[in-house]
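Numbering (the numbering used here), first residue to last: -18 to 376.
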């Protein structure tokens, strides 16, 4: 482990020994996972045998399992997910292990926490790790309530690469989760700071911005002892800094005409029938992505056409095509393409087929097993998968 990671482990051990919860907020890429595994391995060496619970997005479960096997093979971990029958079998296996000495770590998703809370709350969790802990920012979300029930007798650690925000309700949620004995009552909290959350977003709140700034500053000060955040530029000089480029793609002539028709509400399909244009901004977004999101042209056989028009119809596709050609010519590049629209992923799939690019796809409709398989294929040494298409909401 690197020196700053050892510092992180010592910090978490200190929190545990003092009965405190915390947030490991290191920037993405600094090894929050390995630091957490090292913490649990240390606890097991000290005869704290679990059970330990790791909760995270579905897409991260297998990675957690792989990292436990890689860095702490003696710390056996079980992925608790799958169908209702599969989870029932896993529950039986976990119960039969009694004090969980054989498999002390359970890895599961946010959704399963809510679905199987009646079983999970019967276990006396010694430590609960919440990956991407910034998802607990909504103080009224059910996930937050259930995790508080599970972790009432053990320690809690949030992992997040996202800096603390200045939103008061989000800060309250974190404080309530990390320090429930102190911040256990919203009414008392509001009285303490003379602040009403129900008015936070009203004009009155804007006029009293100075008060809000004062409260936020106090909350950050309260959280500071329970938060460890390091940036790559501060601790890992060997890692190159991330480079971000914003590329502008002009609309094609087809898109320009369509854009104007949407604004004028005159858009028609190939039969001359008017297209319903509810949610105008969404229709404009679709237009900027690709005209095929409204209607896919058919070939002479009545099938969806797959030809160069797929690329030439969209400014973004023309730009992507140029980028992909350069990246593939250079070789040794793996490309991730994200979209908020799964129908746009359909178009990108056809583009990959047209350009003979080998790809895998991950969206909300892909099962956990297929997700794991696709990620393994893409990450494998010598894999010939060029592109991974991902929905931003796949979880």
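Glycine residues also receive a C-beta, built at the ideal position from the N, C-alpha and C atoms.
- With the rule of 3 Cβ pairs closer than 8 Å, the stretch -4 to 10 counts as touching the stretch 200 to 207.
- For the pair residue 19 and residue 227, the Cα-to-Cα distance works out to about 38 Å.
- In the three-state scheme derived from DSSP, where H, G and I count as helix and E and B as strand, residue 330 is classed as helix.
- The residue among 265, 213, 221 with its C-alpha nearest the C-alpha of residue 232 is 265.
- By the neighbour-count criterion, in which 16 or more other beta carbons inside 10 Å mark a residue as buried, residue 89 falls on the buried side.
- With contacts defined as CB atoms closer than 8 Å, residue 200 and residue 156 qualify as a contacting pair.
- One thing to note: residue 87 has its Cβ within 8 Å of the Cβ of residue 59.
- For the beta strand (DSSP E) assignment, the uninterrupted runs of no fewer than 3 residues enclosed by the stretch 279 to 346 are, from N- to C-terminal side, 316 to 320, 340 to 343.
- DSSP places residue 108 within a strand segment (E or B) once states are collapsed to three.
- Exposed is the label assigned to residue 105, since fewer than 16 other Cβ atoms lie within 10 Å of its Cβ.
- Membership of residue 37 in any alpha helix (DSSP H) is not indicated; the residue belongs instead to the beta strand (DSSP E) covering 33 to 37.
- In terms of Cβ geometry, residue 283 and residue 230 do not form a close pair [threshold 8 Å].
- Annotated three-state conformation of residue 58 is strand, per DSSP.
- Where residue 352 is concerned, the enclosing alpha helix (DSSP H) starts and stops at 349 to 360.
- The stretch 349 to 363 makes no contact with the stretch 326 to 336; the number of CB pairs closer than 8 Å stays below 3.
- Contact between residue 293 and residue 287 does not hold, since their C-beta atoms are separated by about 13 Å, which reaches or exceeds 8 Å.
- By the Cβ rule, the stretch 25 to 34 does not count as touching the stretch 8 to 15, because fewer than three pairs are nearer than 8 Å.
- Residue 290 has its alpha-carbon roughly 51 Å from the corresponding atom of residue -17.
- Look at residue 140 here: in three-state DSSP terms it is strand.
- Here residue 24 is actually not in contact with residue 13; their C-beta atoms are around 17 Å apart, not less than 8 Å.
- Inclusion of residue 101 and residue 94 in the CB contact set at 8 Å is warranted, their separation being smaller than that value.
- Residue 14 has no beta-bridge partner at all, per DSSP.
- Cβ contact annotation for residue 71 (same chain, cutoff 6 Å, sequence separation greater than five): 61, in chain order.
- If you look at residue 88, you'll find it in the beta strand (DSSP E) that goes 86 to 90.
- In this structure, residue 372 sits near residue 343, with a CB-CB distance shorter than 8 Å.
- With respect to the 8 Å criterion, residue 154 and residue 124 are not classified as neighbours on the basis of their beta carbons.
- Cβ-Cβ separation between residue 305 and residue 268: approximately 22 Å, too far for a contact (criterion under 8 Å).
- Collapsing the DSSP output to three states places residue 40 in a helix.
- In the structure shown, residue 5 adopts extended strand secondary structure according to DSSP, grouped into three states.
- For residue 100, the enclosing alpha helix (DSSP H) stretches over residues 98 to 101.
- Under the three-state reduction of DSSP, residue 229 is assigned to coil, being neither helix nor strand.
- By the 16-neighbour rule on beta-carbons within 10 angstroms, residue 130 is exposed.
- Assignment of residue 160 by DSSP, reduced to helix, strand and coil, places it in the coil class.
- DSSP places residue 369 within a strand segment (E or B) once states are collapsed to three.
- Under the 10 Å beta carbon count, residue 137 is surrounded by 16 or more other beta carbons and is classified as buried.
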